[in-house]
Amino acid sequence: MEIYNPANDRHLITLEEDTKESIQKKFDRAKAALTSWSQTPIETRIEAIQKFKALVEQEKPTLAEILTNETGKPITQSKNELNGLIGRIDFFLNEAANVLKEEVVSEKGATIEEKITKEPLGVIANISAWNYPYFVGSNVFIPALLTGNTVLYKPSEYATCTGTAINQLLHDAGIPEDVFVMVRGKGNVGEEILKLPVDGIFFTGSYATGQKINTQVASRLIKVQLELGGKDPVYVCEDVDIKKAAASLADGAFYNNGQSCCSVERIYVHEKIFDGFLEAFTNEVKNFVIGDPIRENTYIGPLTRAQQIEVLEKQVKDATDKGAKVLLGGKKIPRGGNYFEPTVLTDVNHEMLVMKEESFGPIIGIQKVSGDEEAIQLMNDTEYGLTAGVYTQDEKRAESILKEVNAGTVYWNCCDRVSPALPWAGRGHSGMGCTLSHYGIETFLRLKAWHGKKV
Ligand code: NAD
Numbered sequence: 002m003e004i005y006n007p008a009n010d011r012h013l014i015t016l017e018e019d020t021k022e023s024i025q026k027k028f029d030r031a032k033a034a035l036t037s038w039s040q041t042p043i044e045t046r047i048e049a050i051q052k053f054k055a056l057v058e059q060e061k062p063t064l065a066e067i068l069t070n071e072t073g074k075p076i077t078q079s080k081n082e083l084n085g086l087i088g089r090i091d092f093f094l095n096e097a098a099n100v101l102k103e104e105v106v107s108e109k110g111a112t113i114e115e116k117i118t119k120e121p122l123g124v125i126a127n128i129s130a131w132n133y134p135y136f137v138g139s140n141v142f143i144p145a146l147l148t149g150n151t152v153l154y155k156p157s158e159y160a161t162c163t164g165t166a167i168n169q170l171l172h173d174a175g176i177p178e179d180v181f182v183m184v185r186g187k188g189n190v191g192e193e194i195l196k197l198p199v200d201g202i203f204f205t206g207s208y209a210t211g212q213k214i215n216t217q218v219a220s221r222l223i224k225v226q227l228e229l230g231g232k233d234p235v236y237v238c239e240d241v242d243i244k245k246a247a248a249s250l251a252d253g254a255f256y257n258n259g260q261s262c263c264s265v266e267r268i269y270v271h272e273k274i275f276d277g278f279l280e281a282f283t284n285e286v287k288n289f290v291i292g293d294p295i296r297e298n299t300y301i302g303p304l305t306r307a308q309q310i311e312v313l314e315k316q317v318k319d320a321t322d323k324g325a326k327v328l329l330g331g332k333k334i335p336r337g338g339n340y341f342e343p344t345v346l347t348d349v350n351h352e353m354l355v356m357k358e359e360s361f362g363p364i365i366g367i368q369k370v371s372g373d374e375e376a377i378q379l380m381n382d383t384e385y386g387l388t389a390g391v392y393t394q395d396e397k398r399a400e401s402i403l404k405e406v407n408a409g410t411v412y413w414n415c416c417d418r419v420s421p422a423l424p425w426a427g428r429g430h431s432g433m434g435c436t437l438s439h440y441g442i443e444t445f446l447r448l449k450a451w452h453g454k455k456v
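Note that my numbering has the sequence shown beginning at 2, numbered continuously upward.
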């Protein structure tokens, strides 16, 4: 595997991909390690993850640089991701022992005692995306390890150096090498993992790959959890502070260059404030600093994958052919690396790809609406169901709109946000199952029902 820096196309490193044979050996090791790891006391498992957290804190500057060099994520945003990782680890450390506790459910003195105990799924496959490799990886491998599973971890081919660093730090922290096993490679290596008798598949990536995986393993009746893309809408009501809402939404749309599953991808604005909002929004976007992601003041760096530029160009052409106006940007930036201008489109509608298909880049369509009813109808006009938001001063109005919206996460006066305490559970083409919250720990466990009678 050849790894390049997307900011300047420079070659970073050559790494060896796993083969069918080496993946089989890795699986065998993870399988053999399962009994001893699942019987390791939870306190010992917690101690290792605490150590991992301390190592991440200690190595933060180096880890941030590795992430920025291979994905093009601006360095301040790489550091933010690492800070966020530490918060997530804390959540899992505080919750895991509680979730693992056995539950006695029968009344005291009943003739038959009934209780529920929890066991790990077994060997799980953790196939991961590149856009937030620390977040999407840790949502799976931290609770999986804490609950006694062994893990075959395949980072994305676009975040392999970060995956390698995670692997090393977990082992340095005391997670045995056969308990957390990294597999290195592209999609074909992911496919090989799916052929092995793993006990659960936890995937983060695109709808297209998620659907393929689900189809491939359906007959095996194992747990499959999919965290996929989004076409995340926000509705801006007429009662907002326009400047504040515009600033918050410009950040929600363009942070990490729009390469977040929960990036704001469509904005609907009440007709009464439409023109004022457009002006405030474009002013925000004009001020973004575009440049070398290693510099502290850069807000927009390159896209991670060169091929995404074609997706964005196609969306701009399709939209303008159908009558959209380009208020800002619209083109690749002619410098080395995968740079694309932050792009704002208006006069858009749902005939256009930009309002229907995931863009996953620095582009946003802003559409005028007549009121709440039209906004709800348009927000729900999608196959995806990851997040949706409303900006208004009226809490009751926000609540009644968000109840009507078919999404696993809803936001009032905020966006592009994930909390470890809340479930992350996309609907429709955004996936199935959930990570984070106590439900995202339970998902790595199987329940055992006990009926016991003293004779
Ligand atoms: P991708 O689907 O191209 O790849 C994801 C992973 O799957 C990679 O590790 C890849 O090597 C592997 N893979 C590819 N083909 C495979 C196959 N046939 N079998 C097994 N594994 C295979 O996605 P990506 O480009 O890495 O990530 C971007 C997508 O991820 C976007 O759609 C984004 O919205 C989504 N995402 C979702 C969430 C969420 O929480 N819902 C979080 C982050 C990213």
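Built from N, CA and C at the ideal position, the CB exists for glycine as well.
Handout entry: Presumed contact (8 Å Cβ cut-off) between L13 and M2, rounded CB distance
Key = For the purposes of this step, residue 13 is identified with residue 12 of the sequence shown, where counting begins at 1. For the purposes of this step, residue 2 is identified with residue 1 of the sequence shown, where counting begins at 1. L13 to M2, Cβ: 11 Å. No contact.
Exercise for the section: Measure the beta-carbon distance from F142 to L86 and round it to whole angstroms, keeping in mind my assumption that it falls under 8 Å. Expected result: Here residue 142 is taken as the residue at index 141 of the sequence shown, counted from 1. Here residue 86 is taken as the residue at index 85 of the sequence shown, counted from 1. Contact flag wrong, Cβ pair sits at about 11 Å.
Exercise for the section: Verify the contact flag: G123, CB atom, against every heavy atom of ligand 1, threshold strictly below 6 Å. Expected result: Here the question's residue 123 lines up with position 122 in the sequence shown. No, ligand 1 has no heavy atom inside 6 Å of this Cβ.
Exercise for the section: Closer than 8 Å by C-beta to L250: which residues in its own chain qualify, once you throw out the five before and the five after it? Chain order, please. Expected result: Taking the sequence shown and counting its residues from 1, the one referred to as residue 250 is at position 249. These residues qualify, in order along the chain: V235, V237, V265, I268, F282, Y392, C416.
Handout entry: Distance CB(F53)-CB(A174) smaller than 7 Å
Key = Numbered from 1 along the sequence shown, position 52 holds the residue referred to as residue 53. Numbered from 1 along the sequence shown, position 173 holds the residue referred to as residue 174. The answer is yes: Cβ separation under 7 Å.
Exercise for the section: Return helix, strand or coil for L16, following the three-state DSSP convention. Expected result: As a first step, residue 16 must be located in the sequence shown, where it is residue number 15. Three-state result, L16: coil.
Handout entry: Proximal residues to A31 (C-beta, below 8 Å), its chain only, five neighbours per side dropped
Key = As a working mapping, residue 31 is identified with position 30 in the sequence shown. Contacts found: V124, T151, V152, L153, D179, V180, V182.
Exercise for the section: Verify whether the separation of the beta carbon atoms of G338 and P7 is less than 7 Å. Expected result: One-based indexing of the sequence shown puts residue 338 at position 337. One-based indexing of the sequence shown puts residue 7 at position 6. Yes.
Handout entry: Nonlocal neighbours in the same chain, by C-beta distance under 6 Å from E443, ignoring five residues either side
Key = Taking the sequence shown and counting its residues from 1, one reaches residue 443 at position 442. Cβ within range, chain order: V100.
Practice task
Have a look at R185 and M380 and give me their C-alpha separation to the nearest angstrom.
Solution key: Counted from its first residue, the sequence shown places residue 185 at position 184. Counted from its first residue, the sequence shown places residue 380 at position 379. Near 38 Å, if we compare the C-alpha coordinates of M380 and R185.
Handout entry: Beta-carbon gap between A389 and A376 smaller than 7 Å
Key = In the sequence shown, the residue the question calls residue 389 occupies position 388. In the sequence shown, the residue the question calls residue 376 occupies position 375. Contact: no.
Practice task
Look at the Cβ atom of I334, then the Cβ atom of D373, and state whether they are nearer than 7 Å.
Solution key: If you number the sequence shown from 1, residue 334 lands on position 333. If you number the sequence shown from 1, residue 373 lands on position 372. Contact: no.
Exercise for the section: Please indicate yes or no: does the CB of A130 lie closer than 6 Å to some heavy atom of ligand 1? Expected result: Locating residue 130 in the sequence shown gives position 129, counting from the first residue. Checking the Cβ of A130 against ligand 1 gives yes.
Handout entry: Cβ-based neighbour list, K61, same chain, cut-off 6 Å, excluding 5 preceding and 5 following
Key = Counting from one through the sequence shown, the residue named residue 61 turns up at place 60. Excluding residues up to 5 positions away in sequence, L83 lie with their Cβ nearer than 6 Å to the Cβ of K61 in the same chain.
Problem - C-alpha gap between S360 and A450, whole angstroms - result: Counted from its first residue, the sequence shown places residue 360 at position 359. Counted from its first residue, the sequence shown places residue 450 at position 449. The alpha-carbon atoms of S360 and A450 are separated by roughly 46 Å.
Problem - Beta-bridge pairing of T205 - partner residues as DSSP gives them - result: By 1-based counting over the sequence shown, the position of residue 205 is 204. DSSP output for T205 lists E228 as bridge partner(s).
Exercise for the section: Verify the contact flag: T163, CB atom, against every heavy atom of ligand 1, threshold strictly below 6 Å. Expected result: On the sequence shown, residue 163 is found 162 positions in, with the first residue counted as 1. Not under cutoff, so the answer is no.
Practice task
Could you name the residues of the same chain whose beta carbon sits closer than 6 Å to that of T205, not counting the 5 residues immediately before and after it, in chain order?
Solution key: Locating residue 205 in the sequence shown gives position 204, counting from the first residue. S129, A130, V137, E228.
Practice task
Return yes when the C-beta of E158 is under 6 Å from any heavy atom of ligand 1, and no when it is not.
Solution key: As a position in the sequence shown, residue 158 is number 157, starting the count at 1. Answer for E158: yes, Cβ within range of ligand 1.
Exercise for the section: Using 6 Å as the cut-off, classify the Cβ of S79 as near or not near the heavy atoms of ligand 1, replying yes or no. Expected result: Residue mapping note: residue 79 aligns to position 78 of the sequence shown, counting from 1. Distance from the C-beta of S79 to the nearest heavy atom of ligand 1 is not below 6 Å.
Practice task
Buried or exposed for R306, please, with buried defined as at least 16 other CB atoms from any protein chain shown within 10 angstroms of its CB.
Solution key: Start at 1 with the first residue of the sequence shown, and residue 306 comes out as number 305. Buried.
Exercise for the section: Return the first residue and the last residue of the alpha helix (DSSP H) that F341 is part of. Expected result: What you label residue 341 is simply residue 340 of the sequence shown in a count that begins at 1. Per DSSP, F341 belongs to no alpha helix (DSSP H) and is neither H nor E.
Handout entry: Sub-7 Å separation of T163 and P134 beta-carbons
Key = Along the sequence shown, one-based indexing puts residue 163 at 162. Along the sequence shown, one-based indexing puts residue 134 at 133. Yes.
Practice task
Could you give the DSSP three-state label for H172: helix, strand or coil?
Solution key: For the purposes of this step, residue 172 is identified with residue 171 of the sequence shown, where counting begins at 1. Correct three-state label for H172: helix.
Exercise for the section: Report buried or exposed for S79, applying the criterion of at least 16 other Cβ atoms within 10 angstroms of its Cβ. Expected result: Along the sequence shown, read from residue 1 onward, the residue named residue 79 stands at position 78. Under this definition S79 is a buried residue.
Exercise for the section: Under the assumption that L56 contacts L195 (Cβ atoms under 8 Å), give the Cβ distance between them as a whole number of angstroms. Expected result: The residue you call residue 56 lines up with position 55 of the sequence shown. The residue you call residue 195 lines up with position 194 of the sequence shown. Between L195 and L56 the Cβ distance is about 31 Å, and since that is not below 8 Å, they are no contact.
Exercise for the section: Would you mind giving the Cβ-Cβ distance between I243 and V225, rounded to the nearest angstrom? I have them listed as a contact below 8 Å. Expected result: On the sequence shown, position 242 is the one that residue 243 refers to. On the sequence shown, position 224 is the one that residue 225 refers to. Their Cβ separation, rounded to whole angstroms, is 44 Å, which puts I243 and V225 out of contact at 8 Å.
Problem - beta strand (DSSP E) segment containing R267, residue limits - result: If you number the sequence shown from 1, residue 267 lands on position 266. It spans 267-271 - the beta strand (DSSP E) in which R267 sits, taken as one unbroken run.
Problem - Any non-hydrogen atom of ligand 1 closer than 6 Å to V137 Cβ - result: Taking the first residue of the sequence shown as 1, we reach residue 137 at position 136. Yes, the beta carbon of V137 sits closer than 6 Å to at least one heavy atom of ligand 1.
Practice task
Confirm the yes/no value for this check: CB of C416, any heavy atom of ligand 1, distance under 6 Å.
Solution key: Working through the sequence shown from its first residue, we reach residue 416 at position 415. Every heavy atom of ligand 1 is 6 Å or more from the Cβ of C416, so no.
Handout entry: Top-ranked residue by Cα proximity to G453, from K109, Q25, Q51
Key = For the purposes of this step, residue 453 is identified with residue 452 of the sequence shown, where counting begins at 1. Ranking K109, Q25, Q51 by Cα distance to G453 puts K109 first.
Problem - Buried or exposed by the 16-neighbour rule on C-beta atoms within 10 Å, applied to A284 - result: As a position in the sequence shown, residue 284 is number 283, starting the count at 1. Checking the displayed sequence, the identity of residue 284 turns out to be Asn instead of Ala. The residue in question, N284, is exposed, as its Cβ has fewer than 16 Cβ neighbours within 10 Å.
Practice task
Look up A130 in the DSSP assignment and say whether it is helix, strand or coil.
Solution key: Here residue 130 refers to the residue found at position 129 when the sequence shown is read from its first residue. DSSP places A130 in coil when its eight states are reduced to three.
Practice task
On the DSSP bridge assignment, give the partners of F181 in chain order.
Solution key: Mapped onto the sequence shown, residue 181 falls at position 180. Beta-bridge pairing links F181 to V152.
Exercise for the section: Compute the Euclidean distance between the alpha carbons of R89 and Y256, then round it to the nearest angstrom. Expected result: Position 88 of the sequence shown, counting from 1, holds the residue named residue 89. Position 255 of the sequence shown, counting from 1, holds the residue named residue 256. Those two C-alpha atoms are separated by around 20 Å.
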